[in-house]
Amino acid sequence: MIAVSIVLVLGVSTIFWTLVGLVRLAGENSWLLEEWKHRYRTWRSVRAGLPAVAARPRRGRHRGTGIRILPSHVAVLVAAHNEALVINETIRAASRLVPRRNIHVVSDMSTDNTAQLARAAGVKVLELDPNRGKAGALAAGIAHFDLCRRFKVVMLLDADTRPTEDYLRTGLPLFADPTVVAVAGRAKSIMDPPSPTAMGRFLVAYRERLYIVVQLLLKYGQAARGANVVSIVPGFASMYRTSALQEIDVVAPGLVIEDFNMTFEIHARKLGRIAFHPSAAVAYTQDPDRLQDYMKQVRRWILGFWQTVRRHRKQTGRFWLVLATYIFELLMSCVFFVLLLPVFLVSTFAAIQVGAFGSDWDVAVFLSGLLRPQDVLFGVLLPDFLLTILAAVSLRKPGMLLMAPLFPLMRILDAFLCLQVLPKAFSSASTGTWVSPARRVQGKELTPVTAGNGAS
Numbered sequence: 001m002i003a004v005s006i007v008l009v010l011g012v013s014t015i016f017w018t019l020v021g022l023v024r025l026a027g028e029n030s031w032l033l034e035e036w037k038h039r040y041r042t043w044r045s046v047r048a049g050l051p052a053v054a055a056r057p058r059r060g061r062h063r064g065t066g067i068r069i070l071p072s073h074v075a076v077l078v079a080a081h082n083e084a085l086v087i088n089e090t091i092r093a094a095s096r097l098v099p100r101r102n103i104h105v106v107s108d109m110s111t112d113n114t115a116q117l118a119r120a121a122g123v124k125v126l127e128l129d130p131n132r133g134k135a136g137a138l139a140a141g142i143a144h145f146d147l148c149r150r151f152k153v154v155m156l157l158d159a160d161t162r163p164t165e166d167y168l169r170t171g172l173p174l175f176a177d178p179t180v181v182a183v184a185g186r187a188k189s190i191m192d193p194p195s196p197t198a199m200g201r202f203l204v205a206y207r208e209r210l211y212i213v214v215q216l217l218l219k220y221g222q223a224a225r226g227a228n229v230v231s232i233v234p235g236f237a238s239m240y241r242t243s244a245l246q247e248i249d250v251v252a253p254g255l256v257i258e259d260f261n262m263t264f265e266i267h268a269r270k271l272g273r274i275a276f277h278p279s280a281a282v283a284y285t286q287d288p289d290r291l292q293d294y295m296k297q298v299r300r301w302i303l304g305f306w307q308t309v310r311r312h313r314k315q316t317g318r319f320w321l322v323l324a325t326y327i328f329e330l331l332m333s334c335v336f337f338v339l340l341l342p343v344f345l346v347s348t349f350a351a352i353q354v355g356a357f358g359s360d361w362d363v364a365v366f367l368s369g370l371l372r373p374q375d376v377l378f379g380v381l382l383p384d385f386l387l388t389i390l391a392a393v394s395l396r397k398p399g400m401l402l403m404a405p406l407f408p409l410m411r412i413l414d415a416f417l418c419l420q421v422l423p424k425a426f427s428s429a430s431t432g433t434w435v436s437p438a439r440r441v442q443g444k445e446l447t448p449v450t451a452g453n454g455a456s
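Quick note on the UniProt record's numbering: the sequence shown kicks off at 1 and runs consecutively.
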């Protein structure tokens, strides 16, 4: 039972793609080994009185022969719905990457002053009425601003996202490979300002841990050359080559979110590779810090995933085989976590019965061994704690370890939400209209930012 629990907690897919990622990491850093070999040969040559061995040219991490893409070739597209609290900071962050004339905001029937703030910041603005949802807003912005003709790359940016200043400097080189059609951004949680509540800080920490697990252990391996099975190019801050973007059906009817569908479209239409690297295209996003908002967002994400699976069913190929395997594993894991506490309580009660009245009742004996305390400790809690250690070390936040005992409860909640929305995904369609979660003010800036030339 312990071995089965470990597999369900960590996941076969996670274990497999972690190994693939390690192979990729070794290949990308093979120059280190060559460097040490060169130093050793040089040392031996010097000792023997011979000329130093010439070093071999170091090969860059991003291979390719594609045409170099400059920041001026990139359009930033922001779909926003009632984002007045955060839109200024997002525009300011984007303007450090591209000229402000390259920034486009689509205000999707906002009832606050989102559009006015964006115009005052000196960027292009399109206002929509009625509410079309994020996918509809993106499609409208792409068409209205003629982005696929005017630019080589479109960067999709959520209104609560802060891309790092080296986002393009690290992300654009991935397009040097002409087969790359999309670059998946690396997500990190915004911690400034921190949530004012302990629950909020816990929720954000849990989301940070999830980002580490999914991106470092899963996506890094899935994006390896020759694999190309990344299942999501996150819509919060990612880039698409416009030659591929114009082939994608952004507004697929009946879906609540767009990023899963856009990613599946790349695979279904065989448009090219999806690139991802943990050190490239990094951006910070504002995660929900209230349990109600967290549950709404998770339901929306999971519903969007299941709806996209329904829309793209009956496909063949490597990606679809990997996806089918992941879905099976996901369902098994969700059932396991949903039943974890009830089965443990029943097993514990049966063990008490056996201890008090003997082992004459076969059913009680069977139930008492179904999920023992040691099974939970070594099969669930410790493997899950290892994931927290990985996140704490990667983020350099040892305080996260104090929250580790409660993270399995969040996995139970996630599993329940995943199974809860599954019937809805296959029985009804969504309009795609959206309601933004409650935002935390990003810093103290609420006034319109001054228009300027931006990055070049």
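Backbone N, C-alpha and C define an ideal beta-carbon position, used for all residues, glycine too.
Item, Value
"So, is T90 buried or exposed, given that buried needs 16 or more other C-beta atoms within 10 angstroms?", "buried"
"Which ranges does the alpha helix (DSSP H) cover as unbroken runs of at least 4 residues, wholly within the stretch 132-209, from first to last along the chain?", "133-144, 147-150, 167-171"
"For the candidate residues A143, R396, D384, whose alpha-carbon lies nearest to that of V7?", "D384"
"Apart from the five residues just before and just after L218, which ones in its own chain have a Cβ nearer than 6 Å to its Cβ?", "T14, W17"
"For I6, which of helix, strand or coil comes out of DSSP?", "helix"
"Got a sec? Which residues, its chain only, sit under 7 Å from V298 by beta carbon, not counting five neighbours each side?", "D414, L417"
"Based on the DSSP secondary-structure assignment, which residues constitute the bridge partners of S238?", "L156"
"In the structure shown, what three-state DSSP assignment does E127 receive?", "strand"
"Among R313, T242, D192, whose alpha-carbon lies nearest the alpha-carbon of Y284?", "D192"
"How big is the Cα-Cα spacing for D129 and M109?", "5 Å"
"Would you check if there are 3 or more beta carbon pairs closer than 8 Å linking the stretch 112-127 to the stretch 203-223?", "no"
"Which term fits S279, buried or exposed, when burial requires 16 or more other beta carbons within 10 angstroms of its beta carbon?", "exposed"
"Express the C-alpha separation of D146 and L387 in angstroms, rounding to a whole number.", "44 Å"
"Which of the three DSSP states, helix, strand or coil, is assigned to L321?", "helix"
"Taking a contact to mean a Cβ-Cβ separation below 8 Å, would you say A391 touches E165 in this structure?", "no"
"V354 and I327 look like a contact to me (Cβ under 8 Å); what is the Cβ gap, rounded to whole Å?", "Contact flag wrong, Cβ pair sits at about 38 Å."
"Below 8 Å between beta carbons: does that hold for I232 and D259?", "yes"
"Let me check one thing: in DSSP terms, what residues is V105 bridge-paired to?", "V78, V125"
"State yes or no: is the C-beta of V181 within less than 8 Å of the C-beta of R300?", "no"
"Can you find at least 3 beta carbon pairs, one from the stretch 363-374 and one from the stretch 397-412, that sit closer than 8 Å?", "no"
"Quick one: give me the first and last residue of the beta strand (DSSP E) that R273 is part of.", "273-275"
"With DSSP collapsed to three states, give me the class of T316.", "coil"
"Give me, in chain order, the residues of the same chain whose beta-carbon lies closer than 6 Å to that of L138; leave out the 5 immediate sequence neighbours on both sides.", "A79, V250"
"Within this structure, are the beta carbons of N82 and T111 separated by less than 8 Å?", "yes"
"With 16 other CB atoms within 10 Å as the buried threshold, where does I67 fall?", "exposed"
"Just grab the DSSP bridge partners of A283 for me.", "P163, A187"
"Does the beta-carbon distance from S427 to G254 come in below 8 Å?", "no"
"List the whole-angstrom C-beta distance separating V343 from L419, where the pair is believed to meet the contact cut-off of C-beta under 8 Å.", "The pair is not a contact, with the Cβ atoms about 16 Å apart (cut-off 8 Å)."
"Determine the direct distance from the alpha carbon of V153 to that of R58, and round the result to whole angstroms.", "Residue placement at R58 is poorly supported in this model, since its pLDDT is 47, which falls under 50; the coordinates still yield a value, given next. Whole-angstrom Cα-Cα distance: 28 Å."
"If W306 and A118 are in contact, beta carbons under 8 Å, what's the gap, nearest whole angstrom?", "No, W306 and A118 are not in contact; Cβ-Cβ is about 33 Å, not under 8 Å."
"Among the residues of its own chain, which have a CB less than 6 Å from the CB of H104, if the five just before and after it don't count?", "L77, K124, G141, F145"
"Checking contacts by CB at 8 Å: is P423 closer than that to chain D?", "In summary, chain D is missing from the structure at hand, where a single protein chain is found."
"Is P99 helix, strand or coil when you go by DSSP?", "strand"
"Straight-line CA distance for V229 to V365?", "45 Å"
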